[in-house]
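Below is one structure, written out as structure tokens, with a few remarks after it.
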Amino acid sequence: MVTRIHFDDAERADEAAESLFSAGHEVAVVRERFAGEDDDEDVEYVVATPASVEDARAALGDLGDGVFVTED
Numbered sequence: 084m085v086t087r088i089h090f091d092d093a094e095r096a097d098e099a100a101e102s103l104f105s106a107g108h109e110v111a112v113v114r115e116r117f118a119g120e121d122d123d124e125d126v127e128y129v130v131a132t133p134a135s136v137e138d139a140r141a142a143l144g145d146l147g148d149g150v151f152v153t154e155d
């Protein structure tokens, strides 16, 4: 299971990754293009972690607008 937290902003993704890492979770930040897009500016930044959605939300607090969480 992998929890994926999607951000529009690289800085916010890096901050989230640092918070999760500080809470003891493994993390990776990945830059992904939107499906079917060829414009390099249409990307999202995904923080991936094996932490559960609940643990990730607890470590990150309020994620604010424009952020969504998925679980694979």
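Offset between the sequence shown (1-based) and my numbering: plus 83.
Cβ coordinates follow ideal geometry from the N, Cα and C atoms, glycine included.
Predicted, not measured: the structure shown is a model, and the values here were computed from it.
- For E127, the enclosing beta strand (DSSP E) covers residues V126 to T132.
- In the three-state scheme derived from DSSP, where H, G and I count as helix and E and B as strand, A111 is classed as strand.
- In this structure, the straight-line span from the alpha carbon of T132 to that of L103 is close to 8 angstroms.
- Around L143, the same chain offers A99 and S102 as residues with beta carbons nearer than 6 angstroms, after the five sequence neighbours per side are excluded.
- Counted as a single uninterrupted DSSP element, the alpha helix (DSSP H) harbouring V136 occupies residues V136 to L143.
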